[in-house]
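In the UniProt record's numbering, the protein residues as written are 1 to 153.
Structure first, then comments.
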Amino acid sequence: MRYVFGHNKDPEKLSRTGNYSLLGGIMLLQFAVKLLLKIQNATSQDDSQEEDVATPSGVFTEVKQLESVQTSIDSDQKLASRLNIDLSDPKQLPYLPESSRGCMLCLSPMVNPAAANCGHIFCWSCIVDWIRDHPECPLCRQVCLEQNLLPLC
């Protein structure tokens, strides 16, 4: 602080090298705005965490709840037939040509097709099992994680 306020500034030297006080003011203003945004973001996160404590009953909070829903869907054949996409039926996803309806992993018509982030399409269960062992596309070897899979429904 003593350096900033205590030394004399030569006006001739300032005119030759330039005055950086405007740049310092802009940087100080930018720092203040970023600090205010961080404080505002932190307070809004605290508010959202308090709202998360009172979750409605229709929201799944654990994987076990999702697994129980999946088993109930699997046990109800009528509901499962409406939700599952079986590409052996040409009426389902008619825009896919016949030559592209087979899964390259199980070599049968795809059931519940899913696209990897590279664009290759496989059965959902086949590609999930593959990616859990090898985090890559089985055809092009591009890195593909389970969270990058896109179900085609």
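Even glycine gets a Cβ: it sits at the ideal position worked out from N, Cα and C.
Three-state secondary structure assigned by DSSP to residue i
{"i": "residue 150", "result": "strand"}
{"i": "residue 135", "result": "coil"}
{"i": "residue 10", "result": "coil"}
Supposed contact pair residue j and residue i - C-beta distance, whole angstroms, cut 8 Å
{"i": "residue 153", "j": "residue 85", "result": "6 Å"}
{"i": "residue 87", "j": "residue 104", "result": "That belief does not hold up - the Cβ atoms of residue 87 and residue 104 are roughly 13 Å apart, past 8 Å."}
{"i": "residue 115", "j": "residue 139", "result": "Not a contact, Cβ separation roughly 12 Å."}
{"i": "residue 113", "j": "residue 124", "result": "7 Å"}
According to DSSP, residues forming a beta bridge with residue i
{"i": "residue 111", "result": "86"}
{"i": "residue 123", "result": "113"}
{"i": "residue 102", "result": "109"}
{"i": "residue 143", "result": "136"}
Stretch-stretch touch, CB-based, cutoff 8 Å, three pairs: the stretch 131–145 with the stretch 114–122: By the Cβ criterion, the stretch 131–145 is in contact with the stretch 114–122, since at least three pairs of Cβ atoms, one from each stretch, lie closer than 8 Å.
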